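Let me begin by presenting the structure, written as structure tokens, before commenting on it.
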Amino acid sequence: MFQTGLPEKNKTFIGRGNSICEKYKNKAFCKALDFYKSKEYDSCYAYSAKVLLQVKSKEELDYVKFMQAYSAYKKGLYKKTLQNLNLIADNKDYTLEKQILRGNIYLKLKKYDESIFFYQKALDEKPETLRKKNIYHNLGINFLQKKDFFKANEYFNKELDLIQAIDTAALISAKMDLANVYYNQYLDDKAIPLFKEAYDLSKFYSDIRLKQNSARNMAVVEKNRKNYQKSIEYYMEYGNWKDSIWNRDKIWELTEKDKQLAVAQKQQEIVLQEEELKRQALVQKSLVVGASGLLVFLGFLGYFYRELKSKNKFITQQKEELNVANKTKDYLFSVVSHDLRSPINTIKRQHEKLKLQLKNKEYDAVSETTNNAIALTESTSHLLNNVLHWSLEQNNQLSFKAEEYPLKPLVEQAVYNFEEIAEAKNIALTTNLEATILVKADKESLKIVLRNLLDNALKYTGENGKIEVKTYKDSEEFSTIEIKDTGFGISEEKLAKIKELEDLSIDKINRSEGVGLGMLLCQTLIKKNNGKLLIDSELNVGTTIRILLPNASA
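Following our numbering from start to finish, the sequence shown increments by one per residue and tops out at 1869.
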């Protein structure tokens, strides 16, 4: 498992930024630093470019360049990261960070020799223990990928020497990596105990990914040892962790036990109070005893009535949730059986066709058939992602947090992911984005909507077509993302059904009407963001889709 060793939480690095902010009183610099500290890397990356035009001191300039380089790294813009690092002057304050960041990038790019070179230069800077441990770990990963098991073993053992006993996550990760080194050398007697020890440790740690990886390792080990029953058990546990369902059920079970214990304790307290009342009643007059008994009886009656009413309400709520869950399940099954059947069958036919072409040595046709199969596979993958996102949203498991964001970087990132596809289809994909718009929305759900709409625009626009994406402030309350294409257009009948999705609930969905899950997901997420999705289309002319989102100040 890759470890960054970078200054996200490094107090010295953050403290240096705070000192610069306090020293120069540059509001733009301080705002960029706030974005960096809160890990809002999209905003930090965009805002740092603005700050570079304002700062004058070399101290501020180097710090901003590194913040922009690190933000680009977190966004996956590795080429831009390396360019920014090269712009930072030779400064001992940044030498260690620069070497580690370069090592990380080349490891991600699978350029292991370059990665090793920069990690070893980082070690020459004598980093503190935590960073040294992470560097040893990543050097071990590099040598493991290069099949240099001796070196990998050396660095993983160095990492283990630095890990504190309470650092459970690092200990589990290191033991799994070291076990993999031995396992790749067929040293099972050394590897398997380490795999088992990592698995046992993961049971007492909350990181689901570590639990998942340790269970998968044990499944592979038991399979290779021909202990198939144990292997199946580990694979099932791996699947449970992967879906996070098992973890959710465990948490629910523990919560229920806590509730039962709390109720039992409360009932015990009530019993003790009753006994105390009885002892006091013995020394009181008969009238007082009778009145007290009556009050106790009425209290019990009211208590049990409230308990019964509460339980009935809870049961009714559970029943309603179960009905919605069943309808959601039925709809998802219908999507899988209806929307996946056709592409899967087509992929099968493409492979059969490819097999026949290879047999007949029709090599010129193989490339076209392969490209068609790849396109179908990507389309099917997109559908599966929609199924996952929509099912998570229906069960309130899709993370949602509406915050203020600049709109331009979000749209730019979404468009960038489709530029190669547009170029392959010879479609002109252009943008006209206002830089000053701030909206209040959930960033991840907005990305899902943009991916779906851009995918549809490219899918239904022919070669030499045009797609224009622009943003503008529609009013004081809303800003607009507009996606306009010159595609095939949508019929009036289908357009009317799509517009009905705005008020459509799960119990009213009819698969026979051809309502696409992607468009249903878009309507659901935009509505959740307090926005609107408006569609205008004309057959053989094109389609214009407008997403209205609330402004940050609205």
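Ideal Cβ positions, reconstructed from N, Cα and C, are used throughout, including at glycine. Since the structure is predicted, the reported quantities are computational estimates derived from the model, not experimental observations.
Here's the rule: buried if 16 or more other CB atoms are within 10 angstroms of the residue's CB, otherwise exposed. What is Asn1686?
exposed
Assuming Tyr1553 contacts Arg1531 under a Cβ cut-off of 8 angstroms, what Cβ separation, rounded to an integer in Å, is found between them?
Contact flag correct, Cβ pair sits at about 5 angstroms.
If you draw a straight line from the C-alpha of Lys1788 to the C-alpha of Ser1794, how long is it?
4 angstroms
Spatial neighbours of Tyr1451 in its chain, beta-carbon cut-off 6 angstroms, leaving aside the 5 residues before and after
Tyr1470, Lys1473 and Glu1474
Could you check if Met1491 is buried or exposed, using at least 16 other CB atoms within 10 Å of its CB as the buried criterion?
buried
Measuring alpha carbon to alpha carbon, tell me which residue in Glu1808, Lys1847, Glu1791 and Glu1853 is nearest Lys1799.
Glu1853
Would you say Leu1748 and Val1764 are within 8 angstroms of each other, going by their C-beta atoms?
Cβ distance not < 8 angstroms, so Leu1748 and Val1764 don't count as in contact.
By how many angstroms is the C-alpha of Leu1411 removed from the C-alpha of Ile1403?
13 angstroms
If Ala1347 sits next to Cys1359, beta carbons under 8 angstroms apart, how far is it from one beta carbon to the other, in whole angstroms?
About 6 angstroms separates the Cβ atoms of Ala1347 and Cys1359, confirming a contact at the 8 angstroms cut-off.
First and last residue of the alpha helix (DSSP H) that includes Ser1546?
Tyr1543 to Asp1558
Reduced DSSP category for Lys1799 - H, G, I as helix; E, B as strand; rest coil
strand
Report yes or no: do three or more beta-carbon pairs, one from the segment 1735 to 1743 and one from the segment 1770 to 1789, lie closer than 8 angstroms?
yes
Go through its chain and collect everything with a Cβ distance to Asn1406's Cβ below 8 angstroms, but skip five positions before and after it.
Asp1377
Look up Asp1463 in the DSSP assignment and say whether it is helix, strand or coil.
Asp1463 falls in the coil class under three-state DSSP.
Per-residue DSSP class, three states only, for Ala1717
Strand.
Give me, in chain order, the residues of the same chain whose beta-carbon lies closer than 7 angstroms to that of Glu1734; leave out the 5 immediate sequence neighbours on both sides.
Counting only Cβ-Cβ distances below 7 angstroms, and skipping sequence neighbours, we find Leu1744.
Beta-carbon proximity check, Ile1805 vs Thr1858, cutoff 8 angstroms:
yes
With 16 as the cutoff for other CB atoms within 10 Å, does Gly1418 come out buried or exposed?
buried
Three or more C-beta pairs closer than 8 angstroms, one from the segment 1492 to 1512 and one from the segment 1520 to 1527: is that the case here?
The segment 1492 to 1512 vs the segment 1520 to 1527: no contact.
Would you call the segment 1378 to 1398 and the segment 1747 to 1762 touching, i.e. three or more CB-CB distances under 8 angstroms?
Segments in contact, no.
Determine the closest residue to Met1382 out of Lys1371, Ala1361 and Gln1369, with distance taken between C-alpha atoms.
The shortest C-alpha separation from Met1382 is found at Ala1361.
Count the other CB atoms, across all protein chains shown, that sit within 10 Å of the CB of Lys1663; report buried if there are 16 or more and exposed otherwise.
exposed
What would DSSP say about Arg1524, mapped onto helix, strand or coil?
helix
On the criterion of 16 or more Cβ atoms from any shown chain inside 10 Å, does Thr1327 qualify as buried, or is it exposed?
With fewer than 16 other Cβ atoms within 10 Å, it is exposed.
When you compare the CB positions of Ala1437 and Gly1455, do they come within less than 8 angstroms of one another, or not?
no
The beta strand (DSSP E) spanning Ser1852 covers which residue range?
Lys1847 to Glu1853
Euclidean distance between Cα positions of Thr1684 and Asn1675
14 angstroms
For Ala1364, which three-state DSSP category applies?
helix
Report the three-state DSSP secondary structure of Thr1746 (helix, strand or coil).
Three-state result, Thr1746: strand.
For the candidate residues Asn1771, Arg1861 and Phe1350, whose alpha-carbon lies nearest to that of Leu1832?
Asn1771
For a test of the three-state rule: what should DSSP assign to Glu1735, helix, strand or coil?
helix
Using the beta-carbon count (16 or more within 10 Å), is Leu1592 buried or exposed?
exposed
For the candidate residues Lys1340, Lys1338 and Asn1333, whose alpha-carbon lies nearest to that of Tyr1351?
Asn1333
Just to check my reading of the structure: Tyr1339 and Glu1375 have Cβ atoms closer than 8 angstroms, yes? What is that Cβ distance to the nearest angstrom?
6 angstroms
Which residues does DSSP list as the beta-bridge partners of Val1784?
According to DSSP, Val1784 bridges with Thr1746 and Ile1798.
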